[in-house]
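Working notes, structure below.
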Amino acid sequence: MSFRSWLPPLVLLAAIFGLWQVAASSGFMAEVLGLEPFLVPSPSEIADVLWRDRSLILENARPTLVEIVAGFGLALAAGLAVAVLFRSSDLVRRAGYPLVVASQTIPVIVIAPVLVVWFGYGIWPKLLVIALICFFPIAVNALDGLRSTDPEAVRMMRSLDASRSQVFRRVEVPTALPSVFTGARIAAAVAVIGAVFGEWAGSDEGLGHLILQDNAQLMTARMFASVFVLSAIAIALYAFIGLLERAVVRWR
Amino acid sequence: MPATVSARDLNHGYGSLEVLAGLNLDVGAGEIVALLGPSGCGKSTFLELVCGLASPSVGTVDVGGTESAAGRLAACAWMPQRDCLLPWYSALDNAALASRNQGASRAAARARAAERFEHFGLAGFEAAMPDELSGGMRQRVAFIRTLVSGKPVLLLDEPLAALDAITRAELQEWLAPVLAEAGATVLLVTHDVEEAGYLADRVVVLSPRPGRVLSTEAGARGTPGDRAEVVSSPGFNRLRERLLETLGSGAPR
């Protein structure tokens, strides 16, 4: 990506942090909120903590990153499988679609503790929470993509001796790919939320766990530092999927 | 080997819409027959019935001795009105699709399609993506895609309709020897009187919907001379007048 396309978001971000810095370090924000100044950290204080406690934050970022990548992968596999299944049978699609929508209405914050009760403190409840959140955008977008296939192109292929699987590989999958990537990018952005909820429900490591601990000790600067790292993970995953899309979907 | 096509008492409709009513047509092996008719007269529907993408409500279609939809699908190559080039494949990979579907390796299928690129005025555009090609070039890629299927029956649905008049005239002239070389039975749907008369052995005029055969005229296929000479000859002028008159007589009042 060029410097020109990076410039606007950087300028906006710098402006926001600049304002925040002035408002926080002058004590203005604490005064407005009626709080002690140490509860309202400025960006420079957060950066200080981020650097000072880097090994602790990094130590906790690693399990969270593993959860996010694995949970996202699980959702990708399940979402694509459901989309293909729904595309292959109209009856199955009509029967199953309400369930897919229902999956998105499950309040993750409620289901996460239940999953911890069922699966323990390990990685599985986190994976399932993340997968549950990521599944919907992936499945719905992939299905929409498959269903946007040009029926005339399919008939042209059938007339030129294409089998069902050849039509799928050569027409339907390429048609669906841009939508699949869109779903994956949305899922990447929300996966982080699932990881935090999953860790809050019960864990002894991870950035969500660290945030919970710091909250109890009113260490607001480090809480913000963890949030920034979480955001960075989401943005990196989002950007990676975008790069992958540009490499794969070259005809657009 | 070209095959015969025979339609008997075809009736077909969508819901309450009657598209074809009692259509009868026999096409000899290797013959080129143009179907001429007003928009919506069921010409395109007829092609889809012939090639096995649909089956008639009433009546039978026989292609090369088989009436089953699967048999008709196997015998016919259908070229839809839109070129339907797949945007994720290069011109050459699009042209090679039929061979690929039939089980040829990618290299073999591409080699087979590539042989035609020069003759079709597409040399140097093998790697071009469809959106980099002009309308006329896209149509020629679609022609190669259809021809390399090697099928005994070609069904062309207004193959030149999307093009401007000059390109269309050029491609008509170019198409005549291409179809002769293909050696297949050809059903050509068009609403262009000159295209039908110039390219076909026989021109079949269909009535407005529901479609049936109004008249059959001998076409000018194989007449010596270039296209401009052929379509301005006295004989062709009379053919054009008769075709236009039949088309006009069937028009709704």
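Residue numbers (my numbering), protein chains in the order written: chain W, 1 to 252; chain S, 253 to 505. Using N, Cα and C, we set each Cβ at its ideal position, and we do this for glycine too.
*What residues in the stretch 377-394 of chain S bring their beta carbon closer than 9 angstroms to a beta carbon of chain W?*
M381, P382, D383 and A394
*Neighbour list for W:P174 in chain S, Cβ cutoff strictly below 9 angstroms*: Locating residue 174 of chain W in the first sequence gives position 174, counting from the first residue. Chain S residues near W:P174: L338, P339, W340 and Y341.
*asked:* Looking at the strands, I want to know which residues DSSP matches up with S:R454.
replied: Along the second sequence, read from residue 1 onward, the residue named residue 454 of chain S stands at position 202. Beta-bridge pairing links S:R454 to S:V285 and S:A470.
*Beta-carbon proximity check, W:F72 vs W:Q104, cutoff 8 angstroms*: The count along the first sequence starts at 1 and reaches residue 72 of chain W at position 72. The count along the first sequence starts at 1 and reaches residue 104 of chain W at position 104. Going by C-beta atoms, W:F72 is not nearer than 8 angstroms to W:Q104.
*Measure the CB-CB distance between W:P43 and W:Q21 and report whether it falls below 8 angstroms.*
The residue you call residue 43 of chain W lines up with position 43 of the first sequence. The residue you call residue 21 of chain W lines up with position 21 of the first sequence. Yes.
_Residue-level contact to chain W via CB, S:C293, 8 angstroms cutoff_ = Numbered from 1 along the second sequence, position 41 holds the residue referred to as residue 293 of chain S. No, because no Cβ of chain W sits closer than 8 angstroms to the Cβ of S:C293.
*Is DSSP giving W:V255 helix, strand or coil here?*
Any property of residue 255 of chain W remains undetermined from this structure, which presents chain W solely from 1 to 252.
_Between the stretch 360-377 of chain S and the stretch 412-421 of chain S, can you find at least three pairs of beta-carbon atoms closer than 8 angstroms?_
no
*Identify each residue in the stretch 309-332 of chain S for which the Cβ-Cβ distance to at least one residue of chain W is less than 9 angstroms, and report them in chain order.*
L325, A326, C328, A329, W330, M331 and P332
_Spatial neighbours of W:Y97 within its chain, please: C-beta separation below 8 angstroms, excluding the five flanking residues on both sides._
Position 97 of the first sequence holds residue 97 of chain W. Excluding residues within five positions, the ones whose Cβ falls inside 8 angstroms are F86.
_Give me the residue from S:D261, S:E319 and S:N346 with the minimum Cα distance to S:V310._
Stepping through the second sequence from its first residue, residue 310 of chain S is reached at position 58. Of S:D261, S:E319 and S:N346, the residue nearest in Cα terms is S:D261.
*For W:V92, does the count of other Cβ atoms within 10 angstroms reach 16, so buried, or fall short, so exposed?*
On the first sequence, residue 92 of chain W is found 92 positions in, with the first residue counted as 1. Per the 10 Å Cβ criterion, exposed.
*Residue from S:L496, S:P332, S:A472 and S:S351 with nearest C-alpha to W:P151*: As a position in the first sequence, residue 151 of chain W is number 151, starting the count at 1. The shortest C-alpha separation from W:P151 is found at S:P332.
*Going along the chain, which unbroken runs of the beta strand (DSSP E) with 3 or more residues stay wholly within the stretch 311-339 of chain S?*
328-331
*According to a CB-to-CB cut-off of less than 8 angstroms, which residues of the stretch 138-168 of chain W neighbour chain S?*
D150, E152, A153, R155, M156, M157, R158, S159, L160, D161, A162, S163 and Q166
*Mapping DSSP to helix, strand and coil, what is W:T220?*
Taking the first sequence and counting its residues from 1, the one referred to as residue 220 of chain W is at position 220. W:T220: helix per DSSP, three-state reduction.
*Can you tell me where the alpha helix (DSSP H) with W:R170 in it begins and where it stops?*
Along the first sequence, read from residue 1 onward, the residue named residue 170 of chain W stands at position 170. W:R170 -> no alpha helix (DSSP H), and no H or E assigned at all.
*In the stretch 22-82 of chain W, which residue ranges form an unbroken alpha helix (DSSP H) of at least 4 residues, counting only runs that do not cross its ends?*
28-33 and 43-52
*When you compare only the Cα positions, how much space is there between W:D161 and W:E67?*
The sequence position of residue 161 of chain W within the first sequence is 161, counting from 1. The sequence position of residue 67 of chain W within the first sequence is 67, counting from 1. Those two C-alpha atoms are separated by around 45 angstroms.
*Opening and closing residue of the beta strand (DSSP E) in which S:R260 lies*: Taking the second sequence and counting its residues from 1, one reaches residue 260 of chain S at position 8. Start and end: V257 to Y266.
*Let me know if W:V110 comes out buried or exposed under the rule of 16 or more other beta-carbons within 10 Å of its beta-carbon.*
Here residue 110 of chain W is taken as the residue at index 110 of the first sequence, counted from 1. Result: exposed.
*Spell out whether any CB of chain S is found under 8 angstroms from the CB atom of W:R222.*
The residue given as residue 222 of chain W occupies position 222 in the first sequence. No, W:R222 does not count as interfacial toward chain S.
*Amino acids of chain W, ordered along the chain, whose beta-carbon sits closer than 8 angstroms to that of S:L408*: Here residue 408 of chain S refers to the residue found at position 156 of the second sequence. Those do not exist, as S:L408 stays about 12 angstroms from chain W at its closest Cβ, beyond 8 angstroms.
*S:R454 to S:R473 span [Cα, whole Å]*: Locating residue 454 of chain S in the second sequence gives position 202, where the first residue counts as 1. Locating residue 473 of chain S in the second sequence gives position 221, where the first residue counts as 1. Approximately 8 angstroms, taken between the alpha carbons.
*Check whether the Cβ of W:V180 lies closer than 8 angstroms to any Cβ atom in chain S.*
Within the first sequence, residue 180 of chain W is the residue found at index 180, counting from 1. W:V180 does not count as touching chain S.
*Since S:L441 sits in a beta bridge, which residues does DSSP pair it with?*
Here residue 441 of chain S refers to the residue found at position 189 when the second sequence is read from its first residue. Contrary to the premise, residue 441 of chain S reads as Val rather than Leu in this sequence. Paired residues: S:L287 and S:D409.
*Quick one: which chain S residues come within Cβ less than 9 angstroms of W:R170?*
By one-based count along the first sequence, residue 170 of chain W stands at place 170. What W:R170 touches in chain S: L338, W340, Y341, L349, R352 and N353.
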